[in-house]
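The next block holds one structure in the form of structure tokens; read it before the comments.
Chains as they are written, first to last, in our numbering: chain A, 15 to 196; chain B, 61 to 543.
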């Protein structure tokens, strides 16, 4: 009886072990996994009230150069695929204004620029999307940008005041880009 | 990262994928001395026992909930990115985990007190390790999809939960039969931690919303801590990357295993109670204890809150106040608001306490010792040693985990086949499987005892599709009561 029980167990064990199986696996697939998130963030915000514009001498009322190294960081520059920068311009002043954004390399050479001319209030919201990468402007512009210069030009007079409450020129911007993490 | 660091990470990951720590087949399988480790108040039918060093008790367990290897790596022609998106990103939640545990007995000895036969002492040492990582669903979605299409969605940082350790345990236990109805036991434990990492009780979120001034606003609120002990020392040795690195790392781990690591104390308690000769209740509480981590500590913290809408130039307020470093100032501000810091503060880590309980009903007349056996190795049976021919019942298991107790319910059937074999089969319900069938075999050839137990046998139909597996085996030398 004892031997019989042992035999039964061994037979069951052998059958069990031999009948265990594994569906075909391909662990090399891990190399093919694609992780491409789309990341979005604001870039910069520019605002000036009409009084400041009027107080400035005619023509350019403001210019500011500042470092901007969001895109040339290795983590971003090595992974960025494509995307776009969105601009939104709102003018509630009484004058036509020009806002220019320049993307500069480390030697302050202009790599790219974007100029906005917006009519006096009541001007519609000016919105623009600039694509980079596939089908758009070169990604190298962004990868090599280390400085940005923002300039404001008054194309109107220096004394009128809009009847709107708190008249201002506002530039909003954001970036939305795809990055290949894997 | 050098090759050694990769190896250490692989060891961690190996543990992760190699969890539940439930040993339902072994529990109350009192023919096997290692079952005493699961209930110090177990019935002890031995005069003495000793495990064969390093071979007396080895167990490995691995479990994942919600996903299997086959789900991702089946060679089915489907793009792995699609499988990961469907099965992991969209299929798993923050309560799903990946975990593994392993245990190896270094030595295990037990003996009955000659002057007081109701007392059975046991002592020994074993090493064990476990690792658990809960699926950080929100962060996985953030990594896979990004924030652009998730405006307004909070990516919660409280889903970052992981814990793992390797520890050696030295113990001394006393098992006492109080009377025919009660057997109780207790065991004192001394822990020596080899390494530990722990990131629990995190809080915070990342969210992108429409901005107040600008188009978008990114907000990060973080209260994240990762505590480690023993890991920096290992990295330091590995970073040396010299010809003696392997010996150095072995010496370091051995020193820590032999009470040279961060120390802790704990205890186990348990009992067996016979309601009647064939109806038995048992319960045990294991690893009620702590390790006080004081040496080789490195804790990482990310605490604070920051909101960002990009660079802001507001005129006339900023006129003349701005310089060309406003980008760097913005970065510095954010880093100051959410500083990433390290410290070496000591901390106490509680052990993963486990609770077992069972109800058992015996039936059938236990066979007496084979009277006419003329074999050299006498079967290990005495009339008062084993109280069952058949037994069935139910067991309950719970373990304290970072996200609260994790439980399992088991039904079992156990039978003795002659005087040599005892088998036990179990059916367990837990978070890893609703069809976990386990099987254990105990073979007694004279004084030599061998046992082997495996879990989730149905999973062997397609191993990669199994979400849980465990294996335990060992050799012992046993002298039974009355021999």
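All residues carry an ideal CB built from backbone N, CA and C; glycine is no exception. These numbers come from a predicted model, not from an experiment.
Comparing alpha-carbon positions, the option among A/167, A/190, A/89 and A/36 lying closest to residue 115 of chain A turns out to be A/167. With 16 or more neighbouring CB atoms inside 10 Å of its own CB, residue 66 of chain A falls in the buried class. Below the 8 Å Cβ cutoff, chain A contributes 80 and 81 as neighbours of residue 385 of chain B, in chain order. Membership of residue 113 of chain A in the beta strand (DSSP E) is indicated by the continuous run 111-118. Think of a sphere of 8 Å around the beta carbon of residue 58 of chain A: the chain B residues whose beta carbon falls inside it are 274, 370, 371, 372 and 373, in chain order. Taking the Cα positions, residue 374 of chain B is about 33 Å away from residue 217 of chain B.
Put simply, the region 129-141 of chain B does not touch the region 89-103 of chain B. Fewer than three CB pairs are less than 8 Å apart. Setting aside the 5 residues that flank it on each side, residue 482 of chain B is surrounded in the same chain by 91, 476 and 502, each with a C-beta closer than 6 Å to its C-beta; the list follows chain order. A distance of 8 Å or more separates the beta carbons of residue 202 of chain B and residue 262 of chain B. Apart from the 5 residues on each side of it in sequence, residue 281 of chain B sits with its Cβ closer than 6 Å to the Cβ of 264, 265 and 365 in its chain, given in chain order.
Proximity of chain B to residue 164 of chain A at the Cβ level (cut-off 8 Å) is accounted for by 373, in chain order. In the DSSP assignment, residue 130 of chain B falls within the alpha helix (DSSP H) that extends over 129-133. In this structure residue 473 of chain B is exposed. Its beta-carbon is surrounded by fewer than 16 other beta-carbon atoms within 10 angstroms. Taking 8 Å as the cut-off, the Cβ atoms of residue 171 of chain B and residue 181 of chain B count as close. Secondary-structure assignment with DSSP links residue 189 of chain A through a beta bridge to A/55 and A/99.
If you draw a straight line from the Cα of residue 83 of chain A to the Cα of residue 387 of chain B, it comes to about 7 Å. DSSP places residue 89 of chain A in the helix class (H, G or I) of the three-state scheme. Residue 174 of chain A and residue 362 of chain B have their alpha carbons spaced roughly 51 Å apart.
Using a Cβ-Cβ cut-off of 8 Å, residue 51 of chain A counts as an interface residue toward chain B, since at least one Cβ of chain B sits closer than that to its own.
Residue 350 of chain B and residue 254 of chain B have their C-alpha atoms spaced approximately 14 Å apart. At a cut-off of 4 residues, the continuous stretches assigned as alpha helix (DSSP H) that sit fully inside the region 294-357 of chain B are 305-315. Per DSSP, residue 154 of chain B lies in no beta strand (DSSP E) segment and is marked neither H nor E. Residue range 276-289 is occupied by the beta strand (DSSP E) that includes residue 288 of chain B, with no alpha helix (DSSP H) assigned at that position. Contact with chain B is absent for residue 112 of chain A, since none of that chain's Cβ atoms lies less than 8 Å from the residue's Cβ. Between the alpha carbons of residue 269 of chain B and residue 167 of chain B lies a gap of roughly 59 Å. The beta carbons of residue 102 of chain A and residue 53 of chain A sit about 19 Å from each other, so the pair does not count as a contact at 8 Å. Neighbourhood of residue 148 of chain B in chain A, by CB distance below 8 Å: empty, with the nearest CB roughly 10 Å away. Under the Cβ distance rule, residue 66 of chain A counts among the residues neighbouring chain B, one pair being separated by less than 8 Å. As DSSP reads the structure, residue 407 of chain B sits in a beta bridge with B/353. By the C-beta criterion, the region 115-134 of chain A is judged to be in contact with the region 150-163 of chain A, since at least 3 inter-stretch pairs fall below 8 Å.
The Cβ-Cβ distance between residue 243 of chain B and residue 331 of chain B falls below 8 Å. By a beta-carbon distance limit of 8 Å, residue 122 of chain B contacts residue 160 of chain B. Their separation comes to about 4 Å. The residues 63 and 106, in chain order, have a CB closer than 8 Å to that of residue 180 of chain A in the same chain once the five nearest residues on each side in sequence are set aside. With a threshold of 8 Å between beta carbons, residue 186 of chain A makes contact with chain B. Looking from the CA of residue 478 of chain B, the closest CA among B/521, B/465 and B/424 belongs to B/424.
The CB of residue 507 of chain B never comes closer than 9 Å to any CB in chain A; the least such distance is about 18 Å.
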